[in-house]
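Q: Okay, handing you the structure first.
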C-alpha cells in the first residue's frame, strides 16, 4: 500500500460523487472550506428599520387583522440576508407587536423564550404566571420559556392608546435545534392570582425569599422598569465611568443567579453621552439594538446607519461596530450571548 | 377606538404584505404555526448506513484523493431530509474518515469540537496538544475546540492497515451560530512534546494534578479506550443493572468537571444483552449511533432498521426509539444534549 | 486468632491509656459518644441583650477609650455558654460598636468577613474600596474579607450624633480554621476614589457592568439600605405572603451571583405582622437576631424572651425557636448558614 | 461633643470591665490582636508518629477491648498542642483503627465524613450503602456523611491477618460547627445488596450512568485502589513531570463532579523520586501525611522529621514544609482544603 494516489481526473471524481450519493454520502473535501471557515461568514447583513417609516405600517396592521385573530399581531423585522426565514440574525427573531385599546392577545405557552421591549405607549400589560405587569416605554419584560402568557390593553376610564413593543425571541435557534413545543391556554386570559409587583417585591430588591430554590434559569423578575435602569446609567455617567467602546453599559441579570435573564438571550442597556465617539469592536454574538432616546450613528462594517428614537438595527456576527452619539443616547440590545458562552464559542475583539 | 377590525379580504392582506415587504417586514400571523410548532418537526429523517455497503466506497476514496490533498478524506453521511447541508441531524455532522498506512492528515485547528469513534483498523493516531494517542476499534477520541490536531497512520515494520473512524462534529450548529474560526498549522504535523498516555495518567485515574485549574470545558482526557468502557459495561451487565429502555448505558464524562466531554456533544456507550427488547422513548436531542458489536433492531418511529457491526444510524429529535438485540450488542452514540441542556430545552419521554 | 478478648479490668485499661499517652495516643472508645453525638450539643446558650440596659454601657465606653486608641470601640456580646471566647455562637462574633461625632476608626483589613447592622444614629460612614456609604438605622453594610475599611462620623454643620451598630463577624470560625490574616493601612483613612452610590448604581438595579467578572464571592453592593428592604417586606405582607414559621422572610443576596452576600455569613430580614404567632422550627445554623421595629416574644427551647426595638438575641444550633409579635415587628438576623450549606451540614426541621 | 477622651486609669477601665461583664459584655480592644492576628497562629504543632513505635500499642488494643465493645477500636493521634481535644489539627481527627480476623465493627452513620487509608494488612472490608469493598494497603476508602457503614475482617479458609488503617475524620470541625448527628443501625452488619465493584464499574471508568443526578457532594466511588493511583504516579514520574515543591502530586476527585471526594476533606497522593529535594511552601490547610513507601525527611518549620513506611505526620496551618526523599517515596495526605476553599480562605505561598 502506498500514500501515492494516482492522479484522478475531475470527471472520475464527479462519477464517484454520483455513485456515493446513492448511499447518501458526499465528499467533505469539496465543501470543507465553507463548512469550516477561517472566520464567521454570516448570511445576515447589517440593517436598520426607521421607526417613522415602520410605524404607519404597524398601525395599518391594526386595521388588517385583530389581535385575537392574529394571536400575535406582529410585523417581523426580517433580515435581508435571511429571506423567508423570519429571522433578524441566524438565531434570533425580532418583531414589532401592536395591541390596541380593548384588545387581548390570547394566552399560550411555548419553549421559545421571549422578551418584550416597550417602544411606544403605556397601559398595556403582559401576564405571566398569574401576575400582570404594566408596560411603559423602555421597560424590559420577560415571558419565560414554557410559561403561560397573554397581553392586553384594557380600556380604562381615561381612554387608552396603542402600545407597540419589540418582541425578541429565539425562534430561529429553536427551529434549528428542533426544540419547539407550544400549547394554547383554554381561555383567552389566564387568571390573575398575584397582585402586580409581587415578583419584583420578592426578587427585585437584592433579596430573595428565604426558601426559594432556583429550579429555572430564567429570571423570576419579569419586568425591569426603565425608570430604574435609566437611573443607574445616569448615575454612572455622572461618575464618569465611560468605557471607550461601550459608553456606560450594563447587562440585565437574573437576581437569583447573577446570570443572564434568559438561558438563550442576553439583554443590555447602555448610555452614550452626547459627543461620544466610540471605538470599534466585534463579537460573535449578532446583536439587535433598539434606540430608546437620543440620536447618533452606528458604523457597522463599512456602512454608517444614522439612528434616532425607536429605531431598530442589527449587527451581524463578527462585524465591526462603532457607536457615536450626537445627543445623550440610550440603547437597549439583545443577543444570543448566553448560547455562545455556554458552548464556549463567544469571542470578542476590541479594535 | 375598538377591538373590532373590519373584515379585510385576502387580496387586501396580500397587497399589504407586499407593501410591508419593501420595508423588510413580514406578518407573523401567516407563519406562526410553523415557527412555533406544537412539537418538534425535524427535517432530518431516520436513516441507517450499512457498513458493508459503505465500506467499499470509503476504500475507493483512498484511490480518488490523498489524505494530504483532501486535508480530511471523509465521506459525509448526509441525512436524506437535509440535502446539501452536510448534516446528519440539524446540528451535527457525521462522516467516515479513511487514513491509509503512510498518510498524514495535516494539522489544523477550528472552533468546531470533534469526536473520532474508531470503526475499523488499528495503529493510526490522533495528535492533540503535542500528544499522540493510538487508535483501536471502539476507542472514543476527542479533538477539543481550537486545539491543533493531526492524524497519521505510520508504516511500522509489521506493515499497517487502513484505519476508518466515524467523525462527529458540531459543524451545522456552528454554521448556524456563525461561530466558526479555523487555522492551518505551518507544518503537516505538530511536534510531539509529551509521551503517549500522559493525559490519561494525569486525569484518567479519578485523580487530577493538584494544581490543575479548569479553564476549558472539554475533557483533558482525549482518549477513552474501548477496553475500559467495555469492561465497565460487562461488569454492570453481569450485576443485572439493566434499564428497560436503555439496557446498560453510561455516558462519558470530563473527569475534571463531571460534565460532558465536550461543550456541544454528549457521548454514550451502552450494552444491550442478547434478547433485550427495549421499551420506547423519545428525546429532543437527535442522536447518531455507531454499532460496535452485535446485531439487533432499532425501531425509529414506524420504521425498523436492522443493525450489525460498524453500521451507523440516526434518530431525529422527538422520534420514538425502541432498541432490541439478537446478540449482545454494544452501541456508541452521540448527540447535542449539552446544548439542549445548557439552554434548558432538553425533554425526554419514556413511553 | 479469635474475636474473643479476655476480660480486662478498668485498672488494666487505665494503665494502658497512660502507656499510650506517652506516644500522644488516646482511646477513641472512651470519648466516642461526646465526639460523635446523636445530635448537636452546643455549648452556646440562648440569650438576649436588652438595648436599654446595654446602651448606657456602650455610651460609657465612649468616655473610657477613644475610637482611635481602641482601633474598634466595641463591646462584645459574649455568650454565657462560651466564656472567654469572645463568641456569641461557636462560629460567630457579635459586638456593639460606637463611633462619636468627629471620630475615625482607622483603616485596616483582615480575612474575617464583617457585617454592620445599624442600630442607632445616622451620619457615620463605612469606607470600603475607596467608596464611603452613609449609615442609617436598619441598613445592612458589608466589609468584605481582605478589603481595606475604616469608619468615621464626620461633624457636619448641623452637629452630629453617636452612631451604634451591631458588628457581626466570623472571628471564632477563623480562629478555629487558623485562617486569620490582618494588616493595618498606613493612614487612618483610605483615600476616597469613587462617589457614594457607585457600587449600588453598578450592581444594585438588577443589572451589572457588562464586563464584570465574578472573582470574589462577596457582594459588590456593600450597603443594602433599610428603606428598600422595608418596602419589599411591606409589599409582600400586604399581599398576604405570610409563612407560618417565618412571617415574611427574605434573605439578602449577592446580585452578581444570587448567592449569600458573604461566603461565611447569611443575612436575613423578616416582618412579623402584629398578632403573628409563629410555629416552632430548629436549624443547625445558630442565629443572631437584631430587632429593628416592634415588640414580641422569641421562645427559644423552654425560655421566652420578650424583645423590643434594638434588642439582640441569639438562638443556638438545633434549639427550637418560635416567634410571635405584638406589634408589626422587623427582625434582622445572621448566621453561618453558608458554611453549613457549603459543607453539606445544614439541617432544618419545621415542627 | 469631641473626639478627646479624658485619660482613664487602668483601674477605672478594670472597674468598667467588671461592670459590663454583668451584662455579658467584654471589651474588644483588650483582645483584638489575638482574635484578629496578623497571620495564623495555630495551637497545633508539627508531630510525627513512628509506626514501629505505635504498632505494638495498636496491637495491644486488640487485647484490651474487642471491636464490638469499642464500636470503633481506634487509637487517636492527638496533637500535643491540642491536649484533650482528640484532634490532630484544629479541624481534623486522625486515628489508627485495628480490626482482627473474625471481628465486625458495627454499623452506624453520622454526619461526620470519614476516610480510611489502609496502612497494614489485607482482607478486611468496609461496607457502605449495601456494597463491600476489600482493603489493601494504600487504598483510599470513603464513608460518606450520613451513610450506614460497618467494617469487618472475615476469617477465610486461608486464615486472616490484623488490618490497620488510618481514620481521617472532620470530627473537630463538626464539634465546632455544632453539626453532628449520629445513629446506630439495628443490626451489626447492614445487608449486602450489590456486588463488590458495582460503584467502581458505574463511576470509576470516566463514565457515569446516563441518568445519574448529582445530589450528594461526596464521591460515588468509595474505593480508590492503590494499584491505580500508584500506576498514575509512576507513569508521570517517568515522563519527568516533577514539580519542584511537590514532586508528582495528584488529588483524588469525585468523578461525578470533578470536585473533592468529600465536602470537608481533600486527599492527595504524591511520589517523591529518590534524591528529590523539594522547595519550601506553606498553606493554610493543616495537613496529615501517611507514608506508603520509601524514606525521607519532612522539614516542618525549624524541625526535621525523618519518615519511613507507615509513619504519620502532621503539618500545622501556615508552617513551612519542605520534603525530601532518600528512596522513591509515596505519601498520602489529607487536609480541610475544601473548607478553606469554599469559604475563600485558602492561601498558599511557595517560598
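Protein chains in written order, with the UniProt record's numbering: chain A, 1 to 351; chain B, 1 to 351; chain C, 1 to 351; chain D, 1 to 351.
The C-beta atom is built at its ideal place from N, Cα and C for all residues, glycine as well.
These numbers were taken from a predicted model, which means no experiment stands behind them.
Measuring only the C-alpha atoms, how far is residue 92(B) from residue 254(B)?
A: 20 Å
Q: Quick check on residue 82(C) - is its C-beta less than 8 Å from some C-beta in chain D?
A: no
Q: Would residue 190(B) and residue 130(B) be called neighbours here (beta carbons separated by less than 8 Å)?
A: At the C-beta level, residue 190(B) and residue 130(B) come within 8 Å of one another.
Q: In whole angstroms, give me the CA-to-CA distance for residue 290(B) and residue 342(B).
A: 25 Å
Q: On the DSSP letters alone, give me the boundaries of the beta strand (DSSP E) that residue 168(D) sits inside.
A: Start and end: 163–169.
Q: Reducing DSSP to helix, strand and coil, say where residue 266(D) ends up.
A: strand
Q: For residue 126(C), is the classification buried or exposed, using 16 other Cβ atoms within 10 angstroms of its Cβ as the cut-off for buried?
A: Around the Cβ of residue 126(C), a 10 Å sphere holds 16 or more other Cβ atoms; the residue is buried.
Q: Answer yes or no: does any C-beta atom of chain A fall closer than 8 Å to that of residue 246(C)?
A: yes
Q: Does residue 189(D) come out as helix, strand or coil in the three-state DSSP assignment?
A: Looking at residue 189(D) - three-state DSSP - the assignment turns out to be coil, as it is neither helix nor strand.
Q: Which residues in chain C have a C-beta closer than 9 Å to the C-beta of residue 322(A)? List them in chain order.
A: Going along chain C, no residue has its Cβ under 9 Å from residue 322(A), so there is no contact; the nearest lies around 17 Å.
Q: Shorter than 8 Å from the beta carbon of residue 182(D) to some beta carbon of chain B?
A: no
Q: When you compare each of 181(C), 178(C), 121(C), 109(C) to residue 148(C) by their alpha carbons, which one comes out closest?
A: 109(C)
Q: Output the distance between the C-alpha atoms of residue 268(A) and residue 45(B), rounded to the nearest integer angstrom.
A: 39 Å
Q: Can you name the start and end residues of the beta strand (DSSP E) that residue 350(D) belongs to?
A: Counting along the chain, residue 350(D) sits inside the beta strand (DSSP E) bounded by residues 348–350.
Q: Within the same chain, show all residues whose beta-carbon is closer than 7 Å to that of residue 75(B), passing over the 5 residues directly before and after it, in chain order.
A: 57, 58, 61, 95, 96
Q: Is the Cβ-Cβ distance between residue 104(D) and residue 152(D) less than 8 Å?
A: yes
Q: What residue range is occupied by the uninterrupted alpha helix (DSSP H) comprising residue 20(A)?
A: Its alpha helix (DSSP H) spans residues 10–21.
Q: Quick one: is residue 179(A) near chain B, going by C-beta distance under 8 Å?
A: yes
Q: Going by beta carbon distance, what residues of the same chain come within less than 8 Å of residue 256(C), once the five residues before and after it are set aside?
A: 203, 208, 212, 214, 219, 220
Q: Is it buried or exposed, residue 192(C), if we count other Cβ atoms within 10 angstroms and call 16 or more buried?
A: exposed
Q: Bridge partners of residue 150(D), per DSSP?
A: 127(D)
Q: With C-beta atoms as the reference, is residue 144(D) less than 8 Å away from residue 113(D)?
A: yes
Q: Counting only beta-carbon separations shorter than 8 Å, does residue 55(A) have a partner in chain B?
A: False, the Cβ-Cβ gap to chain B never drops below 8 Å.
Q: Going by beta-carbon coordinates alone, are residue 265(B) and residue 178(B) separated by less than 8 Å?
A: The answer is no: Cβ separation not under 8 Å.
Q: On the CB-based measure, 16 or more other CB atoms within 10 Å of its CB, does residue 240(A) come out buried or exposed?
A: exposed
Q: In terms of alpha-carbon separation, which member of 25(B), 66(B), 282(B) lies closest to residue 54(A)?
A: 25(B)
Q: Run the CB neighbour count on residue 345(D), radius 10 Å, all protein chains shown included, and call it buried at 16 or more, exposed below.
A: Looking at its Cβ environment, which holds 16 or more other Cβ atoms inside 10 Å, residue 345(D) is buried.
Q: Closer than 7 Å by C-beta to residue 65(D): which residues in its own chain qualify, once you throw out the five before and the five after it? Chain order, please.
A: Cβ within range, chain order: 73.
Q: Could you spell out the range, first to last residue, of the alpha helix (DSSP H) harbouring residue 319(D)?
A: Premise fails: residue 319(D) is in no alpha helix (DSSP H) and is neither H nor E.
Q: I'd like to confirm the pairing. Which residues does DSSP put opposite residue 249(D) in its beta bridges?
A: 270(D)
Q: Would a C-beta distance cut-off of 8 Å place residue 272(B) and residue 325(B) closer than the cut-off?
A: At a Cβ-Cβ threshold of 8 Å, residue 272(B) and residue 325(B) count as neighbours.
Q: May I ask you to list, following chain order, the residues of the stretch 23–38 of chain C that have a beta carbon less than 8 Å from some beta carbon of chain D?
A: Listed by position, the residues of the stretch 23–38 of chain C near chain D (Cβ gap below 8 Å) are 23, 24, 25, 26, 27, 28, 29, 31, 32, 35, 36, 37, 38.
Q: Going along the chain, which residues of its own chain have a beta-carbon closer than 6 Å to the beta-carbon of residue 182(C), five neighbours each way excluded?
A: 110
Q: Can you list the alpha helix (DSSP H) stretches of 4 or more residues lying completely in the stretch 48–98 of chain D, in chain order?
A: 51–64, 67–70
Q: Who pairs with residue 140(C) in a beta bridge, going by DSSP?
A: 117(C), 224(C)
Q: Is there a Cβ from chain D that is less than 8 Å from the Cβ of residue 223(B)?
A: no
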